[in-house]
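**Q** Provided herewith is a single structure, encoded as structure tokens, for subsequent inquiry.
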Amino acid sequence: MQIQLLLSVINNIFKLNMSIDDLVAKIFYSYLHLDSLKLVAFFIFVLAILFLIMSHHQKSLEYNTMTAQVSKTITYIEMKLDNTNLQKISQRYSFKESKHTKLNSNQKSMIEENTELIFMMDKQGNIMYANENALTFFNSTKIDVLGESIFKIYDQLEVNDTDWFKQVLREYTSYNIVKCQCLEEEKLVLINYHANLDTSGNVESIIATGNDVTTFAKSKVVKDFYQKQDFLTGIMNQYGLTQKLKEMNNSESAVAFFIEIMHYTQIVNYYGRVVVDKLLNEVVNELKGLANENSLVARYNECEFVLVFLNGQVNKAVIDSYKAKIEAFLQSSYQIGELDLQLDKRAGYAIYPEDSESIEEIVALSSIALKDSITKNTTDMQRYKKGMLESIKYNLELANKLKIALDDEIIQVFFQKAINCITKQTYVFEQLSRWHDEDLGYISPLDFFKIAKETNQLDRLDRYMVKKSLESFKLLKDTVGTNDAKLTINLAPNTLMNIKFFEYFDDVVKKVGLEPSEIYIEISEGTFINKLDLCISRINLYKSHGYLIALDDFGIEYSSLGILEKVNFDIIKLDAHFVRNISNVSNQEVIKMIRKITDMTDREMIAEGVETKEQSEKLRDLGCLIQQGYYLHKPEDLLH
């Protein structure tokens, strides 16, 4: 359109009275006799076209790097800036929008109108976008900034702290205060960082927004207020609560309830910051409604809250009345606009002076009680007990030892055979993890995988076990021999969903020298509880690369047999529950039904947990010939 406009102008200036197409032909095929004036105009025209091309190319370079989820980014910016134009963008882009949608120039210009500095980074910290205010803050130009590392830029600003980056990768949000020279004036800028996640829950990009807080930072009144108060909800924060309890040394009694909103990060990523901020204020208002004049309410952390009842009679009736209030609170739902949100909230409590001689300590003890209930996967409200602290210490020690065990490659790979009871041949080798610590002795895989998940070591543990298992199976195949038996590897739900893990897995298989057709991917029972479409997509990805699929623990947790129509499986592994209770007629009928399904689809069935001769023989009578369990083969290190 711009080029056509320029041609029209030239046509009018020289009164050529010809069509645009004819003019183009005249220009480029030298049918037009040019005098000096027209020659100058021609060169101006050419330069204008070159300028437009370069400008378009520069914009293409600038915006082609934008791969963040637009809806989540805009929602976060909207929360920060509360700008009418941004609200229009937010309405235009729903959560169904592809994560690869790019900001166009109109949307970008709307963001540029704001006075807040904004920049975006990829997960390595390379700048993908920066508005004019950010460029002023960086004291640089777009050409110098785009693609540059934020750490290099911060180093020039004499910012050497990188903890904010580690925190945003770990907790998806963080902040820091940066000192800079702006127009020969020293400024303090508060930078808030928020991670955008992809569909697998991995950090895809980081949006940063900043505000000049120089005046606020130098104000003692503001310092004192925000040091003790939660900015969003207006109630006390963790520091404010601690200071208040220190002033309560003369209190005769107290009951502290520690409350956590579960799955908080997923809630933020699904509904966005604007909705969640409104939700948190509703939660706080409800807690205030439970409190009395002798109560303290605090936002202890982003998704954690504390309610302390002071100077009441500490007897069973009073405590039961407090518990009843909290239990009702845990079950309540919230109306945010048109959304009706039911949260998973958990709580633990502790009593002063019964559980501690220090009133300040009961908040920490109530937190321990909560963590204990989460560990036990129970929704029951727990009271602090002395043994809980020992459990926390054990878990901390176990987490530290797990890191060392991974560093030193101490965790071993064992194999358990699934055997064809007719031919006596091994059908598959299942990979199992075994860890014996010098101090703690044998540690159950359930325990150390749970600790790995709680301490952000699960991805590393999964990668370690996969690499060890594939290498061990290849060595077993080349030395002892496997007689065409295949390997089964169990993948947890989050691991299966992670596209980066698939890339790692497939790469290791190739490097080790195995074929995908030699490997079964075991899908655990919890995989299909959520995100069925994504789960099936990931299964199909493995299948498309030649891997086989085994449905593990089948028959207990799956919502219906209808899942078999959607999943392209190769083996069904019958849950050990049916084997343990095989004398039950209804269980026998289930086994017969699954056998019929596998026969009709030309698939195979394996019975897990076979521990006695009687169980094995009954399974054979029911048509299940491939069996796995201690009766047939105990897990062992087959290479030593």
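In this note's numbering, the protein residues as written are 326 to 965. From the three backbone atoms N, C-alpha and C, an ideal C-beta is built for every residue, glycine too. None of these values were measured; they are calculated from a predicted model.
Are the CB atoms of Glu-585 and Ala-724 nearer to each other than 9 Å?
**A** Taking 9 Å as the Cβ cut-off, Glu-585 and Ala-724 do not qualify as a contacting pair.
**Q** Nearest to Pro-841 by alpha carbon, out of Arg-495, Ile-874, Ala-817 and Tyr-564?
**A** Out of Arg-495, Ile-874, Ala-817 and Tyr-564, Ile-874 has the C-alpha closest to the C-alpha of Pro-841.
**Q** Nearest-angstrom Cα distance between Asn-517 and Ala-533?
**A** If you take the alpha carbons of Asn-517 and Ala-533, they lie about 6 Å apart.
**Q** Check whether chain C comes within 9 Å of Gly-450, counting only Cβ atoms and requiring the distance to be less than that.
**A** In the displayed structure, chain C is absent; only one protein chain is listed.
**Q** Which word fits Ser-658, buried or exposed, when buried means at least 16 other C-beta atoms lie within 10 angstroms of its C-beta?
**A** Its Cβ having fewer than 16 others within 10 Å, Ser-658 is exposed.
**Q** Within its chain, find whatever has a CB closer than 7 Å to the CB of Leu-950; leave out the 5 residues flanking it on each side and keep chain order.
**A** Asn-745, Cys-746 and Ile-747, listed in sequence order.
**Q** If we ignore side chains and look at the alpha-carbon of each, how far apart do Lys-413 and Asp-537 end up?
**A** Low confidence applies here, because Lys-413 scores a pLDDT of 37, under 50, leaving its location unreliable; read the following figure in that light. Taking the straight line from one Cα to the other gives about 26 Å.
**Q** With distance defined between alpha-carbon atoms, name the residue in Val-580, Thr-923, Leu-664 and Val-608 nearest to Ser-691.
**A** Taking only the C-alpha atoms, the option nearest Ser-691 is Val-580.
**Q** Who are the Cβ neighbours of Val-600 in its own chain at under 6 Å, not counting the five residues just before and after it?
**A** So the list reads Ile-661, once near-sequence residues are dropped.
**Q** Which parts of the region 742-787 are runs of the beta strand (DSSP E), unbroken and 3 residues or longer, counting only runs that do not cross its ends?
**A** For the region 742-787, whole beta strand (DSSP E) runs of length 3 or above, ordered along the chain, are 751-762 and 766-768.
**Q** Hey, how far is the Cα of Pro-960 from the Cα of Ser-797?
**A** C-alpha separation (whole angstroms): 14 Å.
**Q** Using 8 Å for Cβ pairs, my map puts Gln-952 next to Glu-755. What's the rounded Cβ distance?
**A** Not quite, the Cβ-Cβ distance comes to about 12 Å (not below 8 Å), so this is no contact.
**Q** Quick one: using the 10 Å Cβ neighbour count with 16 as the cut-off for buried, is Val-609 buried or exposed?
**A** The residue in question, Val-609, is buried, as its Cβ has 16 or more Cβ neighbours within 10 Å.
**Q** Between Leu-979 and Phe-774, is the Cβ-Cβ spacing less than 9 Å?
**A** For the chain, the structure presents residues 326 to 965; residue 979 sits outside this window and is missing.
**Q** What residue ranges within the region 470-528 form continuous beta strand (DSSP E) runs of no fewer than 3 residues, ordered along the chain?
**A** Qualifying beta strand (DSSP E) stretches, in chain order: 498-507 and 510-522.
**Q** Using CA coordinates, which residue listed in Glu-734, Asn-781 and Gln-782 is at the minimum distance from His-761?
**A** Residue Glu-734 is the option with its Cα nearest to His-761.
**Q** My output table needs one value for Asp-900: the three-state DSSP class, helix, strand or coil.
**A** If DSSP states are grouped into helix, strand and coil, Asp-900 belongs with coil.
**Q** Take Thr-567 as the anchor and find which of Ser-578, Gln-554 and Glu-942 has the nearest alpha-carbon.
**A** Nearest of Ser-578, Gln-554 and Glu-942 to Thr-567, Cα basis: Gln-554.
**Q** Give a yes or no on whether the C-beta atoms belonging to Ser-474 and Asn-451 are separated by under 9 Å.
**A** Contact: yes.
**Q** Verify whether the separation of the beta carbon atoms of Glu-496 and Cys-505 is less than 9 Å.
**A** No. Outside cutoff.
**Q** Restricting to Cα atoms, I'd like to know which of Asp-962, Asp-480 and Phe-476 is closest to Gln-741.
**A** It is Asp-962.
**Q** Go through its chain and collect everything with a Cβ distance to Leu-964's Cβ below 7 Å, but skip five positions before and after it.
**A** Only Ser-797, Leu-800 and Leu-801 meet the Cβ criterion.
**Q** Is Asp-900 near Glu-939, with beta carbons less than 9 Å apart?
**A** No.
**Q** Where does Asn-458 fall in DSSP's three states?
**A** Here Asn-458 sits in helix by DSSP.
**Q** Can you tell me whether Phe-556 is buried or exposed, with buried defined as 16 or more other CB within 10 angstroms of its CB?
**A** The residue in question, Phe-556, is exposed, as its Cβ has fewer than 16 Cβ neighbours within 10 Å.
**Q** Of the choices Ala-623, Ser-525, Lys-571 and Val-514, whose alpha-carbon is the least far from that of Met-561?
**A** The option with the nearest alpha carbon to Met-561 is Ala-623.
**Q** Just tell me which of Asn-626, Phe-739, Tyr-677 and Asp-732 has its CA closest to the CA of Leu-570.
**A** Taking only the C-alpha atoms, the option nearest Leu-570 is Tyr-677.
**Q** What three-state label does DSSP hand Val-791 in the structure shown?
**A** Reduced to three states, the DSSP call for Val-791 is helix.
**Q** State the Cα-Cα distance for the pair Leu-721 and Asp-784, rounded to the nearest angstrom.
**A** Distance between the alpha carbons of Leu-721 and Asp-784 is about 18 Å.
**Q** Kindly identify the DSSP beta-bridge partner or partners of Ile-951.
**A** DSSP output for Ile-951 lists Asn-745 and Ile-931 as bridge partner(s).
**Q** Among all the DSSP beta bridges, which residues are the ones paired with Leu-723?
**A** Answer is none; Leu-723 lacks a bridge partner.
**Q** What are the residues that DSSP puts in a beta bridge with Glu-847?
**A** Answer by DSSP bridge pairing, in chain order: Asn-815 and Ala-875.
**Q** For Ile-968, report the span of its beta strand (DSSP E) as first-last.
**A** This structure gives no information on residue 968, because the portion of the chain shown stretches from 326 to 965.
**Q** Can you list, in chain order, the residues of its chain whose CB lies under 6 Å from that of Gly-871, leaving out five sequence neighbours each side?
**A** The answer, listed in chain order, is Pro-841 and Ser-842.
**Q** Please give me, in chain order, every unbroken run of the alpha helix (DSSP H) with length at least 4 that falls completely inside the region 553-636.
**A** You should have 563-571, 589-596 and 598-615.
**Q** The alpha helix (DSSP H) spanning Gly-944 covers which residue range?
**A** Contrary to the premise, residue 944 reads as Leu rather than Gly in this sequence. That run of the alpha helix (DSSP H) goes 938-946.
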